[in-house]
Structure formats: C-alpha cells, structure tokens
Amino acid sequence: MSNSIEQVTKQHKKLPLKEKIKRFCFITLGAILMAVSLELFLVPNSLLDGGIVGISIMASHLLKLPLGVFIFILNIPFFYLGYKQIGKTFAISTLYAITILSISTALLHPVPPFANEKFLVTIFGGVILGLGVGLVIRYGSSLDGSEILAILISNKSPFSVGEIVMVINFFIYVAAGFVFNWESAMYSVIAYFIAFKTIDIVQQGLDESKSVWIISDQHEEIGDAINARLGRGVTYLSGEGAYTGDDKKVIFCVITRLEEFKLKDIVNHYDESAFVAIGNVSEVKGGRFKKRDIH
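Each step along the sequence shown adds one to the number in my numbering, with nothing skipped, and position 192 is 192.
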C-alpha cells in the first residue's frame with residue numbers, strides 16, 4: 001500500500017514555489033489586460049467579446065448593472081463543471097482569474113476610454129484582449145466559461161472545441177446586432193478575430209520554432225552542415241521504408257522560422273531529392289535547443 005502511494009506521489013509532483021508565483025503573476029496580468037481592453041476600449045464603444053463575457057456585456061447594457069457582477073455570476077456554473085471534468089487546479093485558477101477580471105472591470109469603469117474612433121478601438125482593443133486571454137490560457141487557466149462548456153460538449157459530439165465556440169459566438173454576435181447595432185456587431189467580430197490571432201502569438205511565442213524531419217542518404221553531410229552552419233544540434237533516428245524495406249536515417253532538429261530558408265538551402269546543396277517535412281512547434285524546453293555560437 002505504501003509503495004502505491006509513493007508511486008502516485010512521484011507521478012503528481014507539486015509545482016515549485018517559483019513556478020507557482022510565476023503562474024500567479026501572469027494569470028493576474030492577463031486578467032487585468034482583459035479588463036483594460038473591455039473597460040477602456042471595447043465596452044464604452046458598444047463593442048463586445050464572445051462567450052460568457054459577451055453575454056455579460058449585453059446584460060450589463062440592458063440592466064444597467066456593473067459588468068463585473070455578470071461576468072462572475074454567469075461563470076459560476078462553469079467553475080463546478082471545470083472542477084468535475086477538468087481538474088481542481090484548473091477550476092481554482094479559473095475562479096481566481098475571473099475574480100481578478102471582475103474586480104478590475106469595476107475599478108476601471110470610472111476611467112474614460114482611451115479612444116472613441118471605432119477603427120482604432122477595434123484594433124487595439126482586440127490586441128490587448130488577445131494578450132490577456134493568451135497569457136491566462138498559457139498558464140493553465142481560463143477567463144470564459146463557454147470554453148469549458150465547449151470542451152464538455154466536444155467529448156460527447158462529433159464537433160471540435162473550436163467549432164462549438166464558433167457556433168456559440170455566432171449567436172452572441174447576432175444578438176449584439178439587436179442589442180446595440182449591426183455596425184457594432186461587425187466591428188466586434190473583427191476585434192474578436194484580432195484577439196484570436198494574438199492569442200496564437202502569445203501561446204506560440206514571437207520567436208516561433210519549427211520541427212524539421214529530413215530523410216536522405218546524405219544524412220551525415222546534411223547533419224554536420226546544420227550543426228556547423230546553423231549552430232543547431234541534430235538527432236539521427238532509425239527508420240525503415242515501408243515499400244522498399246530499406247533502412248533509413250532520419251534527421252530531426254528544431255530551428256526558428258528565420259532559419260528555415262538557410263536549412264532548405266543546406267539540404268538542397270547535398271541532396272535535392274531529400275524528403276523534408278517542417279512543422280510548427282508551440283514550445284521548446286530542455287535538451288540542447290539553445291543555439292551555440294558560430295565562429
């Protein structure tokens with residue numbers, strides 16, 4: 001019995017205090033940034049976000065009550081769902097993020113908006129919104145219960161989380177056209193799209209990495225050249241052709257997007273018929289990814 005408990009403890013290591021503080025700080029910053037976007041850009045100009053926050057903005061407009069109250073109350077059922085279906089840590093961090101968002105919107109409400117020109121508000125409001133949401137998601141939390149609902153529905157339906165969120169937001173923006181006006185609804189869709197793309201940048205990082213798989217008979221020459229000219233380490237993997245049954249060496253390495261052209265140039269120099277597959281990598285940790293100096 002003691003051995004099994006010990007194994008479970010090893011499998012579920014607690015986060016170091018330093019990581020907990022880092023996570024706490026970035027979730028706090030993300031929630032505050034979202035509040036800045038809502039109260040100083042979008043809401044004063046009759047623009048809105050999607051999901052529960054979007055519903056909260058319309059409810060606040062119709063009932064003339066503080067936005068933070070609706071954001072908190074409407075998300076309460078999803079805390080319970082998140083706790084049951086996703087996990088205690090996620091639910092607690094989401095509750096914390098929503099609480100900070102609600103308080104921040106209340107504190108920022110008396111502050112006049114930064115701009116009133118719809119085009120500027122849409123762009124800057126969308127970017128700041130995306131930065132805030134992206135930071136919160138990256139550090140294991142959420143600012144909107146509709147995402148939790150979409151995850152639960154996707155588990156019991158043929159639709160993906162993204163498709164479910166898109167359908168939910170479609171009805172929210174149609175409703176916004178009646179509550180505000182159709183121009184505001186259309187600008188809101190643009191702001192949401194900008195926020196969505198910004199979230200991708202925050203999660204993937206500005207210095208986006210790429211994984212590279214190369215199959216070539218000249219694997220040693222190509223691997224040495226990548227190491228020497230790009231300063232990147234490579235790994236040789238053993239493979240076998242399914243059709244021919246021949247043994248093959250597969251080169252694997254991780255580069256930045258700025259190094260992609262140079263890598264292709266290296267491969268073409270040694271083997272123009274080499275098979276090359278390049279994919280995006282959202283995060284790289286450990287190993288020897290850090291580039292060494294080239295002299």
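By construction, the Cβ of each residue, glycine as well, lies at the ideal position given by its N, Cα and C atoms.
Fair warning: this is a prediction, and the values are worked out from it, not measured in the lab.
Minimum C-alpha distance to residue i - residue among the options
| i | options | result |
| --- | --- | --- |
| Phe275 | Gly239, Val281, Ile71 and Ile255 | Gly239 |
| Met186 | Ile168, Gly125 and Tyr173 | Tyr173 |
| Asp217 | Ile201, Phe124, Val267 and Tyr243 | Val267 |
| Phe170 | Ser146, Leu29 and Glu117 | Ser146 |
| Arg257 | Tyr243, Lys249, Gln203 and Gly279 | Gly279 |
| Ala176 | Gly130, Ser37, Lys22 and Ser56 | Ser56 |
| Tyr192 | Leu42, Pro16, Ile21 and Ile27 | Leu42 |
| Ile199 | Ile168, Tyr139, Ala277 and Ala150 | Tyr139 |
| Arg23 | Ile92, Ser154, Phe261 and Asn227 | Ile92 |
| Ser141 | Ala115, Glu260, Gln203 and Ile164 | Gln203 |
| Gly125 | Ser37, Gly132, Glu260 and Lys197 | Ser37 |
| Leu237 | Ile226, Gly245 and His219 | His219 |
| Val69 | Ile103, Tyr80 and Leu81 | Ile103 |
| Leu48 | Phe196, Ser184, Leu29 and Lys118 | Ser184 |
| Asn262 | Val136, Ala228 and Thr235 | Here residue 262 turns out to be Lys, not Asn, going by the sequence shown. Lys262 has its Cα closest to that of Ala228, out of Val136, Ala228 and Thr235. |
| Tyr270 | Glu117, Glu221, Ile226 and Asn75 | Glu221 |
| Phe79 | Asn116, Pro44 and Leu152 | Leu152 |
| Gly130 | Ser154, Leu29, Gly245 and Val234 | Leu29 |
| Val250 | Val234, Lys20 and Trp182 | Val234 |
| Leu120 | Val167, Ser188 and Tyr83 | Ser188 |
| Phe281 | Glu272, Ile201 and Ile226 | Checking the sequence shown, residue 281 turns out to be Val, not Phe. That would be Ile201, whose Cα lies nearest to the Cα of Val281. |
Where the alpha helix (DSSP H) through residue i begins and ends
| i | result |
| --- | --- |
| Thr89 | Lys88 to Leu108 |
| Asp224 | His219 to Ala225 |
Cβ-based neighbour list, residue i, same chain, cut-off 6 Å, excluding 5 preceding and 5 following
| i | result |
| --- | --- |
| His61 | none |
| His109 | Glu39 |
| Ile190 | Thr122 |
| Val165 | Ala150 |
| Ser46 | Phe180 and Ser184 |
| Gly54 | Leu48 and Ile172 |
Cα-Cα separation, residue i to residue j
| i | j | result |
| --- | --- | --- |
| Ser211 | Val254 | 5 Å |
| Ile214 | Phe252 | 7 Å |
| Leu309 | Ala97 | Nothing about residue 309 can be reported from this structure: the residues present for the chain run from 1 to 295 only. |
| Ser157 | Ile148 | 14 Å |
| Ala242 | Gly231 | 33 Å |
| Leu17 | Gly50 | 34 Å |
| Thr105 | Pro113 | 13 Å |
| Gly223 | Ser209 | 18 Å |
| Val179 | Met58 | 7 Å |
| Cys25 | Glu260 | 34 Å |
| Ile73 | Val111 | 23 Å |
Beta-carbon proximity list for residue i, same chain, < 7 Å, skipping 5 on both sides
| i | result |
| --- | --- |
| Leu101 | Ala31, Met34, Ala35, Ile71 and Leu143 |
| Ala277 | Trp213 |
| Gln11 | Low confidence applies here, because Gln11 scores a pLDDT of 48, under 50, leaving its location unreliable; read the following figure in that light. The answer is none, since no qualifying residue turns up. |
| Val127 | Ile194 and Thr198 |
Residue i: first and last residue of the uninterrupted beta strand (DSSP E) it sits in
| i | result |
| --- | --- |
| Lys64 | It is not in any beta strand (DSSP E) - Lys64 carries neither H nor E in the DSSP assignment. |
| Ser209 | Ser209 to Ile215 |
beta-carbon residue i near the ligand ZN non-hydrogen atom, thresh 7 Å
| i | result |
| --- | --- |
| Gly241 | With respect to small molecules bound, the structure shown includes none, and the ligand ZN cannot be examined in it. |
What beta strand (DSSP E) runs, 3 residues minimum, are completely inside the region 129-181?
none
Identify every run of the alpha helix (DSSP H) within the region 229-286, keeping only runs that are complete inside it and at least 4 residues long; order them along the chain.
260-270
Whole runs of the alpha helix (DSSP H) within the region 9-48, excluding any shorter than 4 residues
17-37
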